[in-house]
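Reading through the structure tokens given below for one structure.
Protein chains: 2
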Amino acid sequence: MARTGRRPGQTQTRDGILAAARNQFAARGYGGATIRGIAAEAGVNPALVHHFFGSKDQVFVAALNLPFNPAVLVETILEGPREHVGERIVRLFLGLWHDPATRAPFLALLRSVAASPEVAAQLRTFMETAVLARVAAALDLPMLRLTAAASQMMGLAMVRYVLAAEPLASAPDDEVADLMGPVIQYYFDA
Amino acid sequence: MARTGRRPGQTQTRDGILAAARNQFAARGYGGATIRGIAAEAGVNPALVHHFFGSKDQVFVAALNLPFNPAVLVETILEGPREHVGERIVRLFLGLWHDPATRAPFLALLRSVAASPEVAAQLRTFMETAVLARVAAALDLPMLRLTAAASQMMGLAMVRYVLAAEPLASAPDDEVADLMGPVIQYYFDA
Numbered sequence: 002m003a004r005t006g007r008r009p010g011q012t013q014t015r016d017g018i019l020a021a022a023r024n025q026f027a028a029r030g031y032g033g034a035t036i037r038g039i040a041a042e043a044g045v046n047p048a049l050v051h052h053f054f055g056s057k058d059q060v061f062v063a064a065l066n067l068p069f070n071p072a073v074l075v076e077t078i079l080e081g082p083r084e085h086v087g088e089r090i091v092r093l094f095l096g097l098w099h100d101p102a103t104r105a106p107f108l109a110l111l112r113s114v115a116a117s118p119e120v121a122a123q124l125r126t127f128m129e130t131a132v133l134a135r136v137a138a139a140l141d142l143p144m145l146r147l148t149a150a151a152s153q154m155m156g157l158a159m160v161r162y163v164l165a166a167e168p169l170a171s172a173p174d175d176e177v178a179d180l181m182g183p184v185i186q187y188y189f190d191a
Numbered sequence: 002m003a004r005t006g007r008r009p010g011q012t013q014t015r016d017g018i019l020a021a022a023r024n025q026f027a028a029r030g031y032g033g034a035t036i037r038g039i040a041a042e043a044g045v046n047p048a049l050v051h052h053f054f055g056s057k058d059q060v061f062v063a064a065l066n067l068p069f070n071p072a073v074l075v076e077t078i079l080e081g082p083r084e085h086v087g088e089r090i091v092r093l094f095l096g097l098w099h100d101p102a103t104r105a106p107f108l109a110l111l112r113s114v115a116a117s118p119e120v121a122a123q124l125r126t127f128m129e130t131a132v133l134a135r136v137a138a139a140l141d142l143p144m145l146r147l148t149a150a151a152s153q154m155m156g157l158a159m160v161r162y163v164l165a166a167e168p169l170a171s172a173p174d175d176e177v178a179d180l181m182g183p184v185i186q187y188y189f190d191a
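For the record, the sequence lines run as chains A and B. First residue of the first sequence: 2, per the numbering used here; consecutive thereafter. First residue of the second sequence: 2, per the numbering used here; consecutive thereafter.
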């Protein structure tokens, strides 16, 4: 963990900010919460929140313990040739689930989304703002196609990892990428 | 409800069979449970279970309050020209979710599947046996492609109805069928 070397007071402050952030996101949603409001609830200066986390996106990622960084996600989707974007997205997604360290929080996230409309609303607005809208703008793509592509990725997670339905559950990553890459590519070829 | 006109004793017997069925499916899974075992636990003759429900599929549908009939599902998928099977499946699925009477139990089912590995395992085996394997056999289709098609339908449900992400959440059924029909068709064109 990145906390090694941090002084106890810093860890405490950071945890206090994250607790305040969880409250603020739950009460106001991702769109309504602000760094200023989170700082006020934590009793710290907003500059300190920026110092620890950078942007609101990153506060959200840390507060909800999300197993991915939206900035890296967007960068990976946008870099490289557009005619291979479908395969790139499927491989990126399979890689995240392949790693046991990210798979467990992903499963927990899917469960909270299914169980709680509030968590679903927070994650939806976050994904729209921090990932989908950025990709849509960069590639001049209708949001309907982007949400459709996201639905295929989410369904893959449900059937491969939650339901664990064979043969999709045990198919090698390469085979899944070969089969689903063209689907994501189709959604991106507006 | 279909219970009107049934004598109280019948309703009690039927409910007793369903309670026994839920226990047996939970303890043995969909594959392991038998009509004989369910009847034994309910203290009735197996013929009575057949009389009330027909097949084990139908006992499962009633016990888990599933909002669809697998036999009708398979029939709708298989009837009509194969070159339109993709659009047919998407429209069938959207129709089931469109009806508020089936939408609520569908949402409840998605939540239980995400929350409980036991429910996930029961539903997985049931869907494999009662729907996917039958369609795969009739159309000579690899199960990998069928589970991939199922994953797109499940993801559509998650993003359109659980996450309610726009614009996919409010897009008219026709627009969704036009966009996703070709994806399901692709999976079926092995």
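Yeah, the Cβ is synthetic: ideal placement off N, Cα and C, and Gly gets one too.
Q: Write down every uninterrupted run of the beta strand (DSSP E) in the segment 11-65 of chain A whose length is 3 residues or greater and which is fully enclosed by it, in chain order.
A: Note on the segment 11-65 of chain A: there is no whole beta strand (DSSP E) run with a minimum of 3 residues.
Q. Buried or exposed: T12 of chain A, going by 16 or more other Cβ atoms within 10 Å of its Cβ?
A. For the purposes of this step, residue 12 of chain A is taken as the residue at position 11 of the first sequence. Flag for T12 of chain A reads exposed.
Q: Let me know the secondary structure DSSP gives F189 of chain A once reduced to three states.
A: As a first step, residue 189 of chain A is located in the first sequence; it is residue number 188 there, counting from the start. In the structure shown, the three-state DSSP call for F189 of chain A is helix.
Q) Which whole-angstrom value describes the C-beta separation of L147 of chain A and V136 of chain A, a residue pair presumed to lie in contact below a C-beta threshold of 8 Å? A) Position 146 of the first sequence, counted from the first residue, corresponds to residue 147 of chain A. Position 135 of the first sequence, counted from the first residue, corresponds to residue 136 of chain A. Contact flag correct, Cβ pair sits at about 6 Å.
Q. Do you know offhand how far A150 of chain A's Cα is from A102 of chain A's?
A. Counted from its first residue, the first sequence places residue 150 of chain A at position 149. Counted from its first residue, the first sequence places residue 102 of chain A at position 101. Approximately 25 Å between the Cα atoms of the pair.
**Q.** Between the CA atoms of G156 of chain B and Q186 of chain B - distance to the nearest angstrom
**A.** Translated into positions along the second sequence, residue 186 of chain B becomes position 185. Translated into positions along the second sequence, residue 156 of chain B becomes position 155. Each residue's Cα considered, the two are about 16 Å apart.
(Q) Are the CB atoms of A63 of chain B and L19 of chain B within a distance shorter than 7 Å? (A) Within the second sequence, numbered from 1, the residue matching residue 19 of chain B stands at position 18. Within the second sequence, numbered from 1, the residue matching residue 63 of chain B stands at position 62. In contact: L19 of chain B and A63 of chain B (Cβ atoms closer than 7 Å).
Q) Between the Cα of V91 of chain B and the Cα atoms of B:L145, B:R161, B:L140, B:K57, which residue gives the shortest distance? A) Stepping through the second sequence from its first residue, residue 91 of chain B is reached at position 90. Per the Cα distances, B:R161.
Q. Does the beta carbon of L93 of chain B sit closer than 7 Å to a beta carbon anywhere in chain A?
A. Position 92 of the second sequence, counted from the first residue, corresponds to residue 93 of chain B. With 7 Å as the cut-off, L93 of chain B does not count as an interface residue toward chain A.
Q | Partner residues on chain A for A165 of chain B, Cβ-Cβ distance less than 9 Å | A | Mapped onto the second sequence, residue 165 of chain B falls at position 164. Chain order gives the chain A residues near A165 of chain B as P118, A121, A122, R125, where near means a beta carbon separation below 9 Å.
Q) How long is the line joining the alpha carbons of E119 of chain A and L49 of chain B, rounded to whole angstroms? A) Translated into positions along the first sequence, residue 119 of chain A becomes position 118. Translated into positions along the second sequence, residue 49 of chain B becomes position 48. Whole-angstrom Cα-Cα distance: 45 Å.
Q: Classify E167 of chain A as helix, strand or coil using the three-state DSSP reduction.
A: Locating residue 167 of chain A in the first sequence gives position 166, where the first residue counts as 1. Reduced to three states, the DSSP call for E167 of chain A is coil.
**Q.** Neighbourhood of V114 of chain A by C-beta distance below 7 Å, restricted to the same chain and skipping five residues each side
**A.** As a first step, residue 114 of chain A is located in the first sequence; it is residue number 113 there, counting from the start. Closer than 7 Å at the Cβ level, and outside the excluded window around V114 of chain A, lie V120, A121, L124.
Q.
Would T77 of chain B and L67 of chain B qualify as a contact pair, given that the criterion is a beta-carbon distance under 7 Å?
A. Taking the second sequence and counting its residues from 1, the one referred to as residue 77 of chain B is at position 76. Taking the second sequence and counting its residues from 1, the one referred to as residue 67 of chain B is at position 66. Annotated as distal: T77 of chain B and L67 of chain B, with beta-carbon spacing of 7 Å or more.
Q) Can you list, in chain order, the residues of its chain whose CB lies under 7 Å from that of A43 of chain A, leaving out five sequence neighbours each side? A) Taking the first sequence and counting its residues from 1, one reaches residue 43 of chain A at position 42. Excluding sequence neighbours, A43 of chain A sits near G17, I18, A21.
Q) Would a check of beta-carbon distances place G17 of chain B closer than 7 Å to chain A? A) By one-based count along the second sequence, residue 17 of chain B stands at place 16. No, because no Cβ of chain A sits closer than 7 Å to the Cβ of G17 of chain B.
**Q.** Cβ separation of A116 of chain B and R112 of chain A, assumed to be a contact under 8 Å, to the nearest whole Å
**A.** The sequence position of residue 116 of chain B within the second sequence is 115, counting from 1. The sequence position of residue 112 of chain A within the first sequence is 111, counting from 1. Rounded, the Cβ-Cβ distance is 6 Å, consistent with contact.
Q | S222 of chain B classed as buried or exposed, judged by whether at least 16 other C-beta atoms fall within 10 angstroms | A | Nothing can be reported for residue 222 of chain B: it is not among the residues displayed for chain B, which extend from 2 to 191.
(Q) Could you tell me the alpha carbon to alpha carbon distance between A40 of chain A and E84 of chain B, rounded to whole angstroms? (A) The count along the first sequence starts at 1 and reaches residue 40 of chain A at position 39. The count along the second sequence starts at 1 and reaches residue 84 of chain B at position 83. Approximately 58 Å between the Cα atoms of the pair.
Q.
Is there a Cβ of chain B sitting closer than 7 Å to that of G156 of chain A, yes or no?
A. Here residue 156 of chain A refers to the residue found at position 155 when the first sequence is read from its first residue. True, the Cβ-Cβ gap to chain B drops below 7 Å.
Q) Can the beta-carbon of A134 of chain B be found less than 7 Å from the beta-carbon of D58 of chain B? A) Position 133 of the second sequence, counted from the first residue, corresponds to residue 134 of chain B. Position 57 of the second sequence, counted from the first residue, corresponds to residue 58 of chain B. For the pair A134 of chain B and D58 of chain B, the CB atoms are not nearer than the 7 Å cut-off.
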